[in-house]
Structures are given as C-alpha cells and as structure tokens.
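Numbering (my numbering), first residue to last: 1 to 139.
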C-alpha cells in the first residue's frame, strides 16, 4: 500500500507492540486493552486520520474499540481475509495445505493455560459453522 499509493495519500504508520498479546487474552473490552489502543491511536486522532488499515488478522476483534476511540466516521480497512487468502495460496504453492477427506472432521484446538479460554473461544469461533475439539495442554 505504501509503495503503491504514497504519492496520492499521506500514510501514518503505527507499530503496536503488545497489542496482539492483549487481544489473545480474550478480554476485548477491558481497560488495559482500551488504554493500549488509545495510546497507539493518539497520533491518528491528532492528525485527523480518516481511514485505518488493520495490518494484522487479530485486529478484526477490536474494530469496535477503534471506532469508539476514533469516532463513528472512521473508515476501517480489514486485511484479515486477504491475508488468509494469501496464506492459502502459499500453502498450495508449497503443497502444505491439508485437504480433509472427511467432511465432518473437527478442527483440533490446543490451548495453553489461560484464564479467559471460554471467552477466547466464544470470540474467535462465535457464529462459525466450524466443529472443534478442545484439548488442553496443561493438567
């Protein structure tokens, strides 16, 4: 995007260390996550940014917080589907995509210990038609 449109559009780039870890905790409306986002979006607000490109597949889960901080008129470009499509292409190129011969085969989730596991599962799989089996990696 930067190379393609840099002549026509002003870009502000914001690294977000710690944001993925905060999202993976599964508490999408807690004060820590909100504070982290406010800090990362402060420069965007100051510069009246009108469009934000979400550069990570995790960020789809916090779009509502970005809108809350930036205002209802902010345009959000969600790149998660494009990233997933590109991953599929790369898996095919390197013959790494497993194609199940069993249509009812369930996805296996292996989770590390985390206090918010039920919320994480609800947030990431809610509304999907994916079957899954939960396996804990701790006892």
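Virtual Cβ for every residue (Gly too), placed ideally from N, Cα, C.
Beta bridge counterpart(s) of residue i as assigned by DSSP
i: residue 60; result: Residue 60 pairs with nothing; no bridge assigned.
i: residue 79; result: Answer is none; residue 79 lacks a bridge partner.
i: residue 54; result: 78
Own chain partners of residue i with C-beta closer than 6 angstroms, once the 5 adjacent residues on each side are dropped
i: residue 57; result: 80 and 83
i: residue 33; result: 22
i: residue 14; result: 40
i: residue 16; result: 40
Own chain partners of residue i with C-beta closer than 8 angstroms, once the 5 adjacent residues on each side are dropped
i: residue 70; result: 41, 44, 45, 49 and 52
i: residue 85; result: none
i: residue 18; result: 36
i: residue 139; result: Because residue 139 sits at a pLDDT of 46, beneath the cut-off of 50, its placement in the model cannot be relied upon, and the following sentence gives the value as read from the coordinates. Taken in chain order, the list of residues that qualify is empty.
Contact test: residue i Cβ vs the ligand SAH heavy atom, cutoff 7 angstroms
i: residue 40; result: Ligands displayed in this structure: none; no statement on the ligand SAH is therefore possible.
Presumed contact (8 angstroms Cβ cut-off) between residue i and residue j, rounded CB distance
i: residue 62; j: residue 37; result: 7 angstroms
Beta-carbon gap between residue i and residue j smaller than 8 angstroms
i: residue 78; j: residue 54; result: yes
Proximal residues to residue i (C-beta, below 7 angstroms), its chain only, five neighbours per side dropped
i: residue 47; result: 12
i: residue 9; result: none
i: residue 95; result: none
Legend entry - the segment 81 to 92 touching the segment 63 to 70, judged by at least three CB pairs closer than 8 angstroms: No, because fewer than three Cβ pairs between the segment 81 to 92 and the segment 63 to 70 fall closer than 8 angstroms, the two stretches do not touch.
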